[in-house]
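Participant:
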């Protein structure tokens, strides 16, 4: 090979989620409602944090960043999936497939780093409250965000380096509703066992490693709260429980897909729907319904609109 891509496959065919029209209709309604709700909720969080001076703090900066990346998470695969539910022949171009893989991995790593940064933020707030504003300075928050995007892009480009020169010369059917590396590698017209192993190690190690770091961090924080129980412990526990819930919802499906030795197609599809549609919807719900400051900020935002409507 001289470095060029010898692919003769111009598009890939998705088998989709199911062949039952009744289930497809149910999925269409379910996915569409959750997609609209996810977009609305995350946009509202980003707008509230940006415009409300009461929310200009490190914790809410990271939360707004997470909501922004969730806008990308629910838009990378969901619109195509919803559109394909109308179609019998579900296809994606070769370039579109590569682009989807790129953004899936960028967004995934950025979200992992942001969740780690949010855990660090809670650790500093609870364990070192007197030094919180010094440690979690605006420069530190921007550094976390820049590091998240840099790591995401580097990781994604590293993943794509596995497939840019692979020959795709015939099989083009993916038993899924979106493109991802493990399934795509199986379609290459060459032995990709080593590449599949490297992809699994790369993504799996990243997922499991990040999850373990977060788990240890939260255990340490909870131990600190228990050891120095005070009047503010209930608020801290409420905030932590929201963070832990989001971490479990995000990492659970991702770790199963990239670390399970014998993946099940239907289980993978179910978890992929969960990760693509439900998790971005749950994030704003969890963070807003369990956060008094966010609810007050949204109330301040909506009150003038309601008053104006009544006057007009």
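Numbering (the numbering used here), first residue to last: 5 to 316.
Note that the Cβ used here is the ideal one computed from N, Cα and C, for glycine as well.
Three-state secondary structure (DSSP) at residue 252?
Facilitator: Helix, per DSSP.
Participant: Please confirm if residue 35 has its CB atom under 7 Å from at least one CB of chain C.
Facilitator: Among the chains in the structure shown there is no chain C, since it carries only a single protein chain.
Participant: Distance check for residue 113 and residue 151, CA to CA, integer angstroms please.
Facilitator: So the two alpha carbons sit approximately 10 Å from each other.
Participant: How would you call residue 272, buried or exposed, if buried means at least 16 neighbouring beta carbons within 10 angstroms?
Facilitator: Per the 10 Å Cβ criterion, buried.
Participant: Can you name, in chain order, every residue of its own chain whose Cβ lies under 6 Å from the Cβ of residue 298, other than the five neighbours on each side?
Facilitator: Taken in chain order, the residues that qualify are 292.
Participant: Please state whether the Cβ-Cβ distance between residue 170 and residue 192 is less than 7 Å.
Facilitator: Yes, Cβ-Cβ distance for residue 170 and residue 192 is below 7 Å.
Participant: Could you tell me which of 115, 148, 105 sits nearest to residue 125, measuring between CA atoms?
Facilitator: The shortest Cα separation from residue 125 among 115, 148, 105 belongs to 148.
Participant: Would you mind stating whether residue 281 and residue 97 have Cβ atoms separated by less than 7 Å?
Facilitator: Not in contact: residue 281 and residue 97 (Cβ atoms no closer than 7 Å).
Participant: Compute the Euclidean distance between the alpha carbons of residue 107 and residue 133, then round it to the nearest angstrom.
Facilitator: About 37 Å.
Participant: In three-state DSSP terms, what is residue 105?
Facilitator: It is helical.
Participant: Taking only three categories from DSSP, how would you classify residue 92?
Facilitator: Note: residue 92 maps to coil in three-state DSSP.
Participant: If you draw a straight line from the C-alpha of residue 262 to the C-alpha of residue 214, how long is it?
Facilitator: Distance between the alpha carbons of residue 262 and residue 214 is about 13 Å.
Participant: So who's on the other strand from residue 178, going by DSSP bridges?
Facilitator: According to DSSP, which records beta bridges pairwise, residue 178 is partnered with 18.
Participant: Per DSSP, what are the beta-bridge partners of residue 97 in this structure?
Facilitator: According to DSSP, which records beta bridges pairwise, residue 97 is partnered with 15.
Participant: Taking Cβ positions, are residue 74 and residue 284 nearer each other than 7 Å?
Facilitator: Going by C-beta atoms, residue 74 is nearer than 7 Å to residue 284.
Participant: Could you pull the start and end residues of the alpha helix (DSSP H) that residue 231 belongs to?
Facilitator: Residue 231 -> alpha helix (DSSP H) spans 197–231.
Participant: Inspect the CB distances between the region 195–215 and the region 251–259 and report whether three or more fall short of 8 Å.
Facilitator: In short, these stretches touch, since the Cβ pair count reaches three.
Participant: Would DSSP call residue 47 helix, strand or coil?
Facilitator: If DSSP states are grouped into helix, strand and coil, residue 47 belongs with the helices.
Participant: Can you tell me where the alpha helix (DSSP H) with residue 186 in it begins and where it stops?
Facilitator: Residues 185–189.
Participant: Tell me the rounded alpha-carbon separation between residue 100 and residue 14.
Facilitator: Computed Cα separation, rounded: 10 Å.
Participant: In or out: residue 279 buried (at least 16 other Cβ within 10 Å) or exposed?
Facilitator: So residue 279 counts as buried.
Participant: Does DSSP put residue 247 in a helix, in a strand, or in coil?
Facilitator: The answer is helix: DSSP assigns residue 247 an H, G or I state.
Participant: Go to residue 157, then tell me how far its alpha helix (DSSP H) extends in each direction, as first and last residue.
Facilitator: Here the alpha helix (DSSP H) through residue 157 covers 142–164.
Participant: In terms of residues, what are the limits of the alpha helix (DSSP H) holding residue 2?
Facilitator: No statement about residue 2 is possible, as the shown extent of the chain runs from 5 to 316 and does not include it.
Participant: My output table needs one value for residue 317: the three-state DSSP class, helix, strand or coil.
Facilitator: Here the chain comprises residues numbered 5 to 316, so residue 317 is not present and cannot be evaluated.
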